[in-house]
Each structure stands twice: as structure tokens, then as C-alpha cells.
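> Provided herewith is a single structure, encoded as C-alpha cells, for subsequent inquiry.
There are 4 protein chains.
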Amino acid sequence: MINLGVIGYGYWGPNVVRNFNGIPNAEVVSICDYQQNALKRAKNIYPKTNIISDCREILFSPRIDAVAIVTPVSTHYDIARQALENGKHIFIEKPFTSSVEQAEKLIELAEKKNLKIMVDHTFLFTGAVKKIKQLIDDGTIGDLYYFDSTRVNLGLFQKDVNVVWDLAPHDLSIMDYLFNKNAVAVAATGMAHFDNDLENVAYITVYLSGNLIAHINVNWLSPVKIRMTMIGGCKKMVVWNDLVSDEKLRVYDRGVEPEDKVSAYPLRVNYRSGDMWAPKVEQSEALKEEAEYFIDCIANDKKPFNDGYSGLRVIKMLEATERSIKKGGELVYL
Amino acid sequence: MINLGVIGYGYWGPNVVRNFNGIPNAEVVSICDYQQNALKRAKNIYPKTNIISDCREILFSPRIDAVAIVTPVSTHYDIARQALENGKHIFIEKPFTSSVEQAEKLIELAEKKNLKIMVDHTFLFTGAVKKIKQLIDDGTIGDLYYFDSTRVNLGLFQKDVNVVWDLAPHDLSIMDYLFNKNAVAVAATGMAHFDNDLENVAYITVYLSGNLIAHINVNWLSPVKIRMTMIGGCKKMVVWNDLVSDEKLRVYDRGVEPEDKVSAYPLRVNYRSGDMWAPKVEQSEALKEEAEYFIDCIANDKKPFNDGYSGLRVIKMLEATERSIKKGGELVYL
Amino acid sequence: MINLGVIGYGYWGPNVVRNFNGIPNAEVVSICDYQQNALKRAKNIYPKTNIISDCREILFSPRIDAVAIVTPVSTHYDIARQALENGKHIFIEKPFTSSVEQAEKLIELAEKKNLKIMVDHTFLFTGAVKKIKQLIDDGTIGDLYYFDSTRVNLGLFQKDVNVVWDLAPHDLSIMDYLFNKNAVAVAATGMAHFDNDLENVAYITVYLSGNLIAHINVNWLSPVKIRMTMIGGCKKMVVWNDLVSDEKLRVYDRGVEPEDKVSAYPLRVNYRSGDMWAPKVEQSEALKEEAEYFIDCIANDKKPFNDGYSGLRVIKMLEATERSIKKGGELVYL
Amino acid sequence: MINLGVIGYGYWGPNVVRNFNGIPNAEVVSICDYQQNALKRAKNIYPKTNIISDCREILFSPRIDAVAIVTPVSTHYDIARQALENGKHIFIEKPFTSSVEQAEKLIELAEKKNLKIMVDHTFLFTGAVKKIKQLIDDGTIGDLYYFDSTRVNLGLFQKDVNVVWDLAPHDLSIMDYLFNKNAVAVAATGMAHFDNDLENVAYITVYLSGNLIAHINVNWLSPVKIRMTMIGGCKKMVVWNDLVSDEKLRVYDRGVEPEDKVSAYPLRVNYRSGDMWAPKVEQSEALKEEAEYFIDCIANDKKPFNDGYSGLRVIKMLEATERSIKKGGELVYL
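If you want it as C-alpha cells, here you go:
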């Protein structure tokens, strides 16, 4: 039995608790939040669980094996560091940390202590992402050309992070996972329309090794909600619309291929426009699978693929994005 | 009666001829193309018109008042220069010229000769753009925040221009017209996936005066065709989907406003989420109106709003975009 | 405080319990189901509530004021009759009863005992239906022409009722509520494709007083899920798509009107095609409002508009539908 | 060379002329219309063709082999009869005739004279219908369950025919062609909302041999245009949306099958919910293929599948529909 402490019981915390509690060899033994409302809600649903307001009770408890950190990103490093120092595995909300430096320190600490870090990039466990990953890995999509993602809506203006740190971790972690390529450089633009300095709209280009380009459009000021990702490959192209319940994924037998790779100029391409295919996408809860995977990684000493390094790669791109925006789009190498 | 010569009878030329011929006080007296197929097609439909293969017959003809130039952009400058030198008004395809320098020379020449230049930014005459312009000008939209346009499809790879010069003139001219603000700088990224050096995907950010940002996504390698423009304002937000026949324009009573402009920090915004309204959009042919407007500008010595300066502003942004892409996204001031 | 007993804790029962428990002056004191699974689930969530398997404990309990009957329709009459006989108000799932006769008996009994019957036509409490009702009542829609509803999907084949009794009560109750007209006759067709005699597809036409027609298309064998209702009026037309989260309701300024009502022949109509308008639709939980309304009707001795007579009108149409289908579409007068 | 005369040059006639003129071994030698406007339009496009206002010049001309009849349905019988009597093959607009009796007489006359009748059910030559036909014939769809078609819009109110005779011939001819089953009976409802007696909304159920049901919803008073046909089969289900340019056809691997065909009761079904597949649909002009097929049938003495009998079957269903509507939905056997 693996005992967990969950720190943070706001919007996402209840889902984390529910899913870990649903695993036979795991149990959430303590839930911590500093807000009375949250504690009351937790108590109502889990009358037998230890509900506390001081997270040190979790961080120093000898009966707790792993800590789920579901707090604002600015608090991640301190909590995670203490958890690791006290021998606890961590399951930590995205984005991993506030800086590359913090992420690197946590990874180093976890390695020294032989502990697991899992960064909660929940989307990687959705049926849609798993299906796309499979289509890329089995060669269906062919050589990749681009990743183009739009994640916009009338969003909650955060007080401490801009739209990039709020929304882009989803797309960056998905792109990192699917493409499995080194990000070479970032060029990004954006704007803060209101009195603070936090961008509410941003456009991020990531150059990846192998002539690959990724672009992410995030916006808190869009009248319509869009969650759409396009992936272009030489054999097939994929459109993933996460807002529809059916046919989230469309695979198009459509594209161009250079007619003859040796002839230099002029370019001649062959166009292909065939069937479209919407593969059935698994509908199970992503967080459930991720929670089970975390417990499995601990119980069987496996290295999670969404480990600290995965989180670090996203933080590197976020940091570079922010620096590029401040310089009006300048290319920032990673 | 204003006599026109039309040079170029490929894809767009037939529409230009048909629409000018539909105007009572205008007549296309000569059509020129260097391809036999095109000439044959023209002859079949207009048996009484002078169909020729040497455009000098138009450029030097004393009976021709105005020349419509519907040829590839690389030929625009030479043809336009000769037309102006010979005292002819010009109606010229977008993009206006291949360079800022060429555009400036043509404008100067036209002013010296007191001739009209109209750049065929057809979209400015569509019901959708006219309606948005009206909503901005009458204050319905309120202060503007951003312009975000996506124009992607499985497009014809051009041999001489990249996706930016092919598709972005539409969005840049629309943005220039609607926002009526100075473009200050451009930061753009893109990639050429094939053997030539012509980008097939590009992302353009234009910074405008007054804390405004515009972004344009153009792509020849998209499995789905998208023509969508979003405009964010403080009172209303507009989504224009040009691919639907009904309800092209949606006006959302949705947005945020700073709660109290004096309090510095933290930011507090009020959210508004009300009705949506799809105003009826005029369905007449845009090119018909534009052709009539050109004839009217000549007949009544009016200055067209889509004149050489309008074309020049677009060329400046295109040039800056290209330079920025080559430098990986660097900010290029205009 | 009004004490409730809830009989039936399958799919819908938990929602009923949760919503009644959320009302300050109401409390669910007993929950009954004959399935062990259901009882266990109830016990987990409501450890302090009396969880039982014999509904007579509710029906005869002196401390219970009202009974919510959330069981299969075949059991409605017996349970409802006993509840009423024992002086309890009833909140009863749609469809009200299995027959017109049963419905009439329950109404009579309730009137004699001065008790409330509320038939759970939940849709009447949705923001969409309330908004349409308002648009009809305030004259926005104008004189009504037709009601046309499609409710199809790959549905669960029921063992005891056909697709008409399963799905059509929604549309019939909505139509009855919105139009507030007498149903005069029904003509319906349908087919049972499998071994039993229960139709899995059906088409129902209801003729209403005042030259009004309603049509309902229900189907358990549709590959796509559709929930769409169109309402035609002389001033406006409404399309309600219940499957989208935004813009569920569209009001079209579109229609025809006879040009001159006196001239007999030939018909001349004026076409109107103007703006479309998507009014904001309230998003609160419909069942929550309905539950509050039930408690309010009891506490303040009000007559619910979705009372036994409302349920009876639906049952009359369902019975007529079934009879018409069996006769291949014959007109059945009500 | 087969010489044609085309009678009727209104909305559809120009398409008929253009397509027959595009066939190498066919030529439209005469075009007839009684309206001066139509004649003028024809003369402009076909200056060398014989343009006339008295159709007898076509019907009695010895140099004309075949007559295309593109006139209102009320005139079909007289024109077609004279054409056949004078030894001409006929290509005739849908609906074939105004009555079953007329259709039967024309068929008899054509057979006696050994002439071809082709009824212009253009939809049968679209890529979408051809693809569905292929999927049915090669067993992909499996045993058929139902055909459900919606064809509604804000339509032109006709003065001489109701919405059934205007719109339903499309759906009835498609259903007849695809299912290739005997229509056994019709039950239909509808309503005329205005002063004349012509229904502007109608709902048609056709019972076919083999436990098959077809339903058609036609409406001239719909705020939105819908052209959607669903076909349910035991192996696959098809949704055809004719208003989208891409992915008109969707084939769903979704459905139910009786679990065990011997066990009588209760019904147990297995649900299947797999991939969706949008086969590429041929985009060529349907009328072009149909015109070529007509010429081919004449030149090579083939029997067209859309012959007089095909037209007659549709007329039988239209007549039955009208009779059923007048009786409020009564079942009319064919």
C-alpha cells in the first residue's frame, strides 16, 4: 500500500484525490489546504481522511510515501524540495516549476535520493494523444512537418502568471511527447493589454531539430473556445479537435510530396487527397490512468516518461518564450 | 466611356473582364495573355473584343484609358510603370509589387502624371469586411485589442513566391483597412519543408501603434481549409468564418474590462458573456463593387482608399515578414 | 422542513437526491432501491440517510411528506397510488404512467386528497426551453407554424418500452408547454427491426388546434446523436441544438408572410432574411430549479404547471402514437 | 451524331444544354422557351443554335433524335407524348409526370415505339449517391434498416405544386435507387399554412418490403437549410450531408445486432461503436455523367436504370403521399 498526501485542494486537487483513492494499492491519507472552504469540502467527502491546513504535517510524516503537489506554481519548488528531502516521491502539477534552475535542482535531488518525480501533464494520458502517438510511432503519419495548436477562450486572468505559463504547458508537453525531438530555439510574441505586465495573448514558435516547426496560439481574450491541434506529416495529416465528443481525431490521407528529390529547381510536388478517417478514441479518464501509472512506477521502480526531465523541457521552452516575447520575438536558443 | 485593357487572362482575369464589362460607362476593349489557351477562352466569350498576345498593344494604345494588370507579381512593376508612363490609370492585382522600392516608384509616377492606382484587395469590398468596418467605426466593437487570422489549406505550391506573398496580402490588407493604425514592427517565423527556399508555412506578428497586436497564420500544408479571423475589442468580439455561406460574421457580447483603471495591482477584470449576434451580410460580388469604384474614381477624380499607399503598406509588411523569417523571428521595424 | 423519500436510485435517482438535499427547507430522509449496488452507492454518499430496500417503509412512514418516484414506468402507478393514499405529495419521473386511465386515476386521487403531483419533465426547466417560452409569450416569434424535433442516437434498447415511450415524452412535454394548444390528433409510423415488438424508430405527427403541426423523429439506431428542435413562427424562427455548449438557441429573422391576406389565389408571399441572434441561455441545472419549485409548490400550496394534467396530456399523445403506429399511420383523435 | 432539342430554358435548362453540348457525339440543335428573356439568354451563349418559341418546331422536326423536356411538370405529359409519337427519345425533368396514369401511358408508348425515356433524377449520378450505392451493393452496409432524409430550407413557394412534389422526388428517387425494394405503402402528414391548399411542410413514411422503413422530411419554412440523409444498416451506418464540400459522406462502424437470433425474449443486442470513415467522393458534375449516359443508351440501345419505370415508381409514391396527407396520415397501399 502506498500512502499519499495531497497538498492543494482547489480546482484540480479533488480530482487527484478521487483518482488516487480509486487505486487498490494506494490511499490518500492526508489532504492539506490553507483555505477553510477547501478543508470543509474535503471533510464532507472524505470523513475518515486526515484533513489539515499545515502541509508540513504531510512533508514530515513518516507514514507518507508520496506527495501530490496541486498548488500554484510559485510554491512548487519549496514544497517539492522538502518532500524529496524527506524521502517522498512527488506527483506535481504542471508547470513543473517557475524556472529552469528550480527544475534542475529538483531532478538532481530526486536522483540522489532515488525518488520519482512525475509531472502531471494529464493530456499525455488522454485517448486522443495516445492515439496520435501510436499513429506517429507506427509510421502512419510519416515524416513530420509541423505541429500547430490553438488553445484560446475567454480565460480567467491569473494574477501571478501570464497566458503562456497558464495554457502553453499543455501544448508544449504534448508536442514534446509526440514529436520526441530536441527543441532548438523559440521565437514568441505576445501582448499584455491591461495594466499589469502579464501577457493575455501570445504566439509561440518552437524550432525543433530535423526541419520541424511548432506553433502555439494561446489567448485569454477569445470570444470562442478553441482547442485544435494540427499535425502535418508526409503520409497523413491529423486534426485533433478536443471540444467535440465524437470524432475528436481526424486523420486525412492528404498532403504533398516532392516529386523528385534530386531535381533542385523548380519544386514539383504531388498532391494527394484521399479518404478521411476518424479512429475511435478511448474515453477513459486520463488522470485515472496517470495516477495508476505513478503508483506503478513507485511500486515497480519504473522511470515515468513524464518525469522531471519531461517537465524540465517544458520549463525551458516556457522560459525561452517569455524572454523572446520581452524582446519582441527575438530567437532564443535553448 | 472608359476603355480598359486587361493584361492577364488566367485564373482571376476572366472575373476582372466580366465585371468591368458589366459597368455601363466602362468597356474592356482589349484582353492580353501570352498563352494560347487563355486567348482562345477569351475569344469564345468575347468575340468582338480585341484579343492579343503582346501587351504593348494595350500599353501604347491611345484609345485605352486604364489598364487592369492581372499577371504574376514579378511582372507588375514593369507593366505598371509603362502603363503609367503612357498615361493610363492602373488596377493592379495584389500584392502590389515585389518590393517597397517598386511600390514607391509607381506611386511617385502616378502622382506626377495625376493617374489613379487601385490595388485589387478584393476582400475589402466583401459584405463581411464592410460590416466589420462599420462595427468598428460606429464604436460597436470598442477599443481594439487584437486581430488574429488563419488562412490555411492544402495550397498550390507556387514556384516564385512563398506562402507569405501568396496568402498574407489578404489578411494584411484587411487588417490595415479595418484597424487604420500604423504598423510599427513585424516578427515572423516560418519554414520551407521542401528543396526550394520558399516557406510553405509562416506565422506573422504585426505590432501596431496603440497596444494592438495582429497575428496571421498561413499554411499550404493544412489538411483542412480554414479562413477565420477574430477581432477582439473591449465592447464586442467578432469571429468571421468566410467558409460558411450563412452567418459568416458573429458578434459576441463577450469580453473583459479592467475593473478599476487606477488601482495598479493586482489586476481585476470584469467578465461579460452575453448574446451572440450574426448580422446579415451583403452577398453581392465584391469584385463588381470594386470595379465600379475604380471607374467612379477615374470618372469623378476621386482618390481610392485602396490606392498605391494602401498597397505599399502591405508590401512593407510583406518585406519585413520575409526579413524576420530569415532571421528566425527577429523584430523588424517598419 | 419537508421530508422526502426517494424510490429508485439507478441512473436518475442520485441526481434527484442530490438536488432535493441542496434545498434548505427539504431533506431526503429515505432512499429506496431493490438493488444492492444502488444501496451501497447511496450509503457511501449519504451515510446518515435511511437506505432501504422495501419502499413501503417510505410509503407508510408518517414522517415523510413527499415521495420522489424514480423507477421504471411500469411501476409508477402502484407506487404513486400508495403514496397518494398515504397522504404524500409525489414527484414522478416521465412518462407519468403507462396509460391514460392510470394517469386520470392518480389525478383524481391527488385532488381528493389535496396533494401535489409534479411530473418530472426536466427539460421545461432548462434555460433553453424557458427562453423559447419567453420568446413565444412576448410575441417575438409571432404566430406559430410548426414544431419539428429530432431526438436520435445509438440508444439503449429498452426491454419494456419502445423508443416512443423512452424518448418522445421529452419532445411532447416541451411542445405541450411551449405551444399551449390542444392536441387534436396524432398520426405516427415506426418500425421494430428486431425480434421483439418494440419499435426502435418512430415518426410522430401531432395536429394541434389552430393550423399547427408538430413532428417528432425518435430513433435508437442513429449513428449520430442529434437533439434539434425547430420552431417556425411568422415573425421569427428558432433552432435549438441542445448538443452544443454555446449558442444552443438561434433565433432567425427569417420567414415568409402572405403578401395580402384577402386575395385568395394565387398565393404571394414575402420573404424575409435578416440577422440571426443567439440569446444567452441560462446554464443552471434544470433539475435543481424543478426540485425547488416542487418544494415551493408544497410549502406555499401552489399548483405546479407540470402537474398531473401536464403528464396526462403527454400520456394521451403517447397512447395515440402507439395506436397509430400499430395501424400504419392512421389518424387517431384525442 | 445525336441531335437534341431542348424545351424549357429557365433555371435548369441552361445546364442541360451546356452538358449535352459537351458530348462529342451529341448536339443541341434547337432550344425552345416561351419567354423572351430566356430566348435572349440562349441566343447570347449559343449564337449558332436554333432558338425558338414554339416547341412544335422541335417535336415535329425530322432532324431531331431526342428531346429534353425541362418545363413545369404540368406540361410534361403533353410534350412527352408528342415527342414519343414523333419518334423521339425523351430526357425528362423530375417529377416524371403529374399522375401515375400519365406515366404509365408514356412508358407504354415508348415501348411500342422502341424509344428511350430517361427521367432526370440527377442526384443518382452524384459521387455521394454512387458511393453509397457501392457500399450497399458490396455488402459494406449490411442488411438495411432505414432511410431517413431531411430536405428543408426557406424555399420558394410554388404556385402549382406543394412541397412534396417539389422536393421529395429527390429523396424518393434516391431511396428507390439505393434500396432497390418494393414500396408497399405510404403514410404521410403535412400542412398548408397559407391561403392556398398547397402543403409547405410534409412528413412522408414509406414502408418497403423486408422490414424497411423510409422517412422524408420536406419543409419550405425552415430557417436553416438541411440536406441530410441517414441510412442504417446492420454492419455500418451512413450519414450524407450534402451541404458540406468536404466529407459529405460519413460511414460509421456503429450499430446494434441481436445477440442471439433464436432466443425470443427479452431482446438482447450487442452495441458496436468503432471508427468513422469519410470516403473520398467523386466531384464531377452529375448532370454531365447523366447526359453522357443518355446519349450512350440511345447510341448503343441500352435500357437506362433511371427509365420510365424508375420515374413511375416515384410518381406512385408522390400520389400516395398526397392522398395520405389529405386523409391525415392514413396508410395508402401502392
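Chains as they are written, first to last, in the working numbering: chain A, -7 to 326; chain B, -7 to 326; chain C, -7 to 326; chain D, -7 to 326. By construction, the Cβ of each residue, glycine as well, lies at the ideal position given by its N, Cα and C atoms.
Would DSSP call residue 302/A helix, strand or coil?
Position 310 of the first sequence, counting from 1, holds the residue named residue 302/A. It is helical.
> Can you give me the start and stop residues for the beta strand (DSSP E) that residue 156/B sits inside?
Residue 156/B sits at position 164 when you count from the first residue of the second sequence. It is not in any beta strand (DSSP E) - residue 156/B instead sits in the alpha helix (DSSP H) that spans 155 to 171.
> At 3 residues or longer, what runs of the beta strand (DSSP E) sit wholly inside the region 27 to 85 of chain A?
Entirely contained in the region 27 to 85 of chain A, the beta strand (DSSP E) runs reaching 3 residues are, in chain order, 42 to 44, 58 to 61 and 81 to 85.
> Contact defined as beta carbons within less than 8 Å: I believe residue 231/D pairs with residue 248/D. What is the distance between those atoms, to the nearest angstrom?
Translated into positions along the fourth sequence, residue 231/D becomes position 239. Translated into positions along the fourth sequence, residue 248/D becomes position 256. The pair is not a contact, with the Cβ atoms about 17 Å apart (cut-off 8 Å).
> Report yes or no: do three or more beta-carbon pairs, one from the region 82 to 94 of chain C and one from the region 135 to 146 of chain C, lie closer than 8 Å?
No, because fewer than three Cβ pairs between the region 82 to 94 of chain C and the region 135 to 146 of chain C fall closer than 8 Å, the two stretches do not touch.
> Residue 103/A to residue 81/A, Cα distance in whole Å?
As a first step, residue 103/A must be located in the first sequence, where it is residue number 111. As a first step, residue 81/A must be located in the first sequence, where it is residue number 89. Rounded to the nearest angstrom, the two C-alpha atoms are 11 Å apart.
> Can you name, in chain order, every residue of its own chain whose Cβ lies under 6 Å from the Cβ of residue 239/D, other than the five neighbours on each side?
Residue numbering aside, residue 239/D sits at position 247 when the fourth sequence is read from its first letter. If we look at residue 239/D and ignore the five residues flanking it on each side, its Cβ neighbours are 270.
> Looking at the strands, I want to know which residues DSSP matches up with residue 220/A.
The residue labelled residue 220/A in the question sits at position 228 within the first sequence. According to DSSP, which records beta bridges pairwise, residue 220/A is partnered with 142/A and 233/A.
> Closest Cβ-Cβ distance between residue 205/D and chain C: below 7 Å?
Taking the first residue of the fourth sequence as position 1, residue 205/D is located at position 213. At least one chain C Cβ lies under 7 Å of residue 205/D.
> Note down, in chain order, each residue of its chain lying with its Cβ closer than 8 Å to the Cβ of residue 290/D, except the 5 sequence neighbours on either side.
As a position in the fourth sequence, residue 290/D is number 298, starting the count at 1. Cβ neighbours of residue 290/D beyond the five flanking positions: -6, 57, 58, 81 and 108.
> Would you say residue 268/A lies against chain D (beta-carbon separation less than 7 Å)?
Along the first sequence, read from residue 1 onward, the residue named residue 268/A stands at position 276. Chain D, which has a Cβ nearer than 7 Å to the Cβ of residue 268/A, makes this yes.
> Compare the Cα-Cα distances from residue 250/A to each of 192/B, 297/B, 243/B and 284/B and report the closest residue.
In the first sequence, counting from the first residue as 1, residue 250/A sits at position 258. When only C-alpha atoms are compared, the closest one is 192/B.
> Of all the CB atoms in chain C, is at least one closer than 7 Å to the CB of residue 159/A?
Looking up residue 159/A in the first sequence gives position 167. No, its Cβ sits nowhere closer than 7 Å to a Cβ of chain C.
> What does residue 6/D touch in chain A if you count any residue whose Cβ is under 9 Å from its own?
Locating residue 6/D in the fourth sequence gives position 14, counting from the first residue. Residues of chain A passing the Cβ test: none, with the nearest at roughly 30 Å.
> Grouping DSSP H, G and I as helix and E and B as strand, with all else coil, what is residue 204/A?
Taking the first sequence and counting its residues from 1, one reaches residue 204/A at position 212. Here residue 204/A sits in strand by DSSP.
> Figure out for me which residue from 65/B, 172/B and 159/B has the closest Cα to the Cα of residue 196/B.
Counting from one through the second sequence, the residue named residue 196/B turns up at place 204. Of 65/B, 172/B and 159/B, the residue nearest in Cα terms is 159/B.
> Give the interface partners of residue 265/B over in chain C, defined as CB-CB distance under 9 Å, in chain order.
Residue mapping note: residue 265/B aligns to position 273 of the second sequence, counting from 1. The answer, in chain order, is 272.
> Compare the C-beta of residue 255/D with all C-beta atoms of chain A and state if any pair is closer than 7 Å.
Within the fourth sequence, residue 255/D is the residue found at index 263, counting from 1. Only weak support is given to the placement of residue 255/D: the predicted model assigns it a pLDDT of 48, under 50, and the question is left unresolved by the model.
> Looking at the unbroken beta strand (DSSP E) that takes in residue 361/A, where does it start and where does it end?
Here chain A has residues from -7 to 326 only, and residue 361/A is not among them.
> Of all Cβ atoms in chain D, is any one closer than 7 Å to the Cβ of residue 249/A?
The sequence position of residue 249/A within the first sequence is 257, counting from 1. With 7 Å as the cut-off, residue 249/A does not count as an interface residue toward chain D.
> Let me confirm a value: residue 90/D is counted as buried when at least 16 other C-beta atoms fall within 10 Å, else exposed. Which label applies?
Translated into the one-based positions of the fourth sequence, residue 90/D becomes position 98. It counts as buried.
> Do residue 244/A and residue 54/B have their CB atoms nearer than 7 Å?
Indexing the first sequence from 1 puts residue 244/A at position 252. Indexing the second sequence from 1 puts residue 54/B at position 62. Not a contact, by the Cβ cut-off of 7 Å.
> Just to confirm before moving on: does the CB-CB distance between residue 306/A and residue 141/A stay below 7 Å?
Position 314 of the first sequence, counted from the first residue, corresponds to residue 306/A. Position 149 of the first sequence, counted from the first residue, corresponds to residue 141/A. For residue 306/A and residue 141/A, no; Cβs fall outside 7 Å.
> Please go through the same chain and pick out, in chain order, the residues whose beta-carbon is closer than 6 Å to the beta-carbon of residue 208/B, but skip the five residues on each side of it.
Taking the second sequence and counting its residues from 1, the one referred to as residue 208/B is at position 216. Answer for residue 208/B: 141, 160, 163 and 196, listed in chain order.
> DSSP state of residue 327/D, grouped into three classes?
A query on residue 327/D cannot be resolved here, the shown segment of chain D reaching from -7 to 326 and no further.
> What residues of chain B sit near residue 359/A, judged by a beta carbon separation below 7 Å?
Past the boundaries of the shown model lies residue 359/A; chain A is included only from -7 to 326, so the question cannot be answered.
> Where residue 18/B and residue 42/B are concerned, what is the direct C-alpha to C-alpha distance, given to the nearest angstrom?
In the second sequence, counting from the first residue as 1, residue 18/B sits at position 26. In the second sequence, counting from the first residue as 1, residue 42/B sits at position 50. So the alpha carbons of these two residues sit roughly 15 Å apart.
> For residue 24/D, report the span of its beta strand (DSSP E) as first-last.
Within the fourth sequence, numbered from 1, the residue matching residue 24/D stands at position 32. Residues 18 to 24.
> Using 7 Å as the limit for Cβ to Cβ distance, is residue 215/C near chain D?
In the third sequence, counting from the first residue as 1, residue 215/C sits at position 223. So yes, residue 215/C belongs to the interface.
> With the cut-off set at 7 Å, would you say residue 246/D and residue 265/D are in Cβ contact?
On the fourth sequence, residue 246/D is found 254 positions in, with the first residue counted as 1. On the fourth sequence, residue 265/D is found 273 positions in, with the first residue counted as 1. A contact, by the Cβ cut-off of 7 Å.
> Could you give the residue range of the alpha helix (DSSP H) that holds residue 120/A?
By 1-based counting over the first sequence, the position of residue 120/A is 128. Element bounds for residue 120/A: 119 to 129.
> Anyone know if the C-beta pair for residue 180/B and residue 317/B falls short of 7 Å?
On the second sequence, residue 180/B is found 188 positions in, with the first residue counted as 1. On the second sequence, residue 317/B is found 325 positions in, with the first residue counted as 1. Closer than 7 Å, so yes.
> Within 7 Å (strictly less), CB to CB, does residue 220/A reach chain B?
Mapped onto the first sequence, residue 220/A falls at position 228. Not closer than 7 Å to any Cβ of chain B, the Cβ of residue 220/A fails to qualify, so no.
> Is there a Cβ of chain B sitting closer than 7 Å to that of residue 0/A, yes or no?
Along the first sequence, read from residue 1 onward, the residue named residue 0/A stands at position 8. So no, residue 0/A is outside the interface.
> With C-beta atoms as the reference, is residue 83/C less than 7 Å away from residue 286/C?
Counted from its first residue, the third sequence places residue 83/C at position 91. Counted from its first residue, the third sequence places residue 286/C at position 294. Cβ atoms of residue 83/C and residue 286/C: closer than 7 Å.
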